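Colleague: Start counting at 1 in the sequence shown, then tack on 95, and there's your number in this note's numbering. Backbone N, C-alpha and C define an ideal beta-carbon position, used for all residues, glycine too. Here the structure is a predicted model, which means the values were calculated and not measured. What follows is a structure written as structure tokens; I'll ask about it next.
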Amino acid sequence: MSKPLKIAVLGFWHVHAKDYARQAQQHPDTELVGVWDDDLALGQAGADEFGVPFTDDLDALLAGDDIDGVWAVTRST
Numbered sequence: 096m097s098k099p100l101k102i103a104v105l106g107f108w109h110v111h112a113k114d115y116a117r118q119a120q121q122h123p124d125t126e127l128v129g130v131w132d133d134d135l136a137l138g139q140a141g142a143d144e145f146g147v148p149f150t151d152d153l154d155a156l157l158a159g160d161d162i163d164g165v166w167a168v169t170r171s172t
């Protein structure tokens with residue numbers, strides 16, 4: 096693959112969210128580019144841990160042309 100897929104993680108509540116973020120950083124064909132969470136503290140902590148930007152604006156994140164896909168790891172109800 097010539098350019099890595101740019102991935103954002105949506106939510107850091109789930110027990111496996113950090114695993115998914117780590118996989119996006121470690122896989123040669125993907126790049127972790129951002130984090131969103133409706134829990135601002137949790138999302139910011141996840142973004143800080145992985146050294147990527149945090150946003151609380153989901154619509155702007157999804158509308159941006161700088162991501163190719165997301166891992167949705169939001170709260171289950």
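Excluding the 5 residues preceding and the 5 following Gly141 in the sequence, name in chain order all residues of the same chain whose CB lies nearer than 6 Å to its CB.
Modeller: Translated into positions along the sequence shown, residue 141 becomes position 46. Excluding sequence neighbours, Gly141 sits near Phe107 and Val130.
Colleague: Taking the alpha carbon of Pro123 as the point to measure from, which residue in Leu100, Leu137 and Gln139 has its own alpha carbon closest?
Modeller: As a working note, residue 123 is residue 28 in the sequence shown. Ranking the options by Cα distance to Pro123, first place goes to Leu100.
Colleague: Considering only the beta carbon of each residue, do Tyr115 and Val128 sit closer than 9 Å?
Modeller: Residue mapping note: residue 115 aligns to position 20 of the sequence shown, counting from 1. Residue mapping note: residue 128 aligns to position 33 of the sequence shown, counting from 1. Against a cut-off of 9 Å, the Cβ pair of Val128 and Tyr115 comes out as no contact.
Colleague: From the DSSP output, in three-state form, read off Lys113 for me.
Modeller: By 1-based counting over the sequence shown, the position of residue 113 is 18. The answer is helix: DSSP assigns Lys113 an H, G or I state.
Colleague: The alpha helix (DSSP H) spanning Gly129 covers which residue range?
Modeller: Residue mapping note: residue 129 aligns to position 34 of the sequence shown, counting from 1. First-last for Gly129: Thr125 to Trp131, but that is the beta strand (DSSP E), not the alpha helix (DSSP H).
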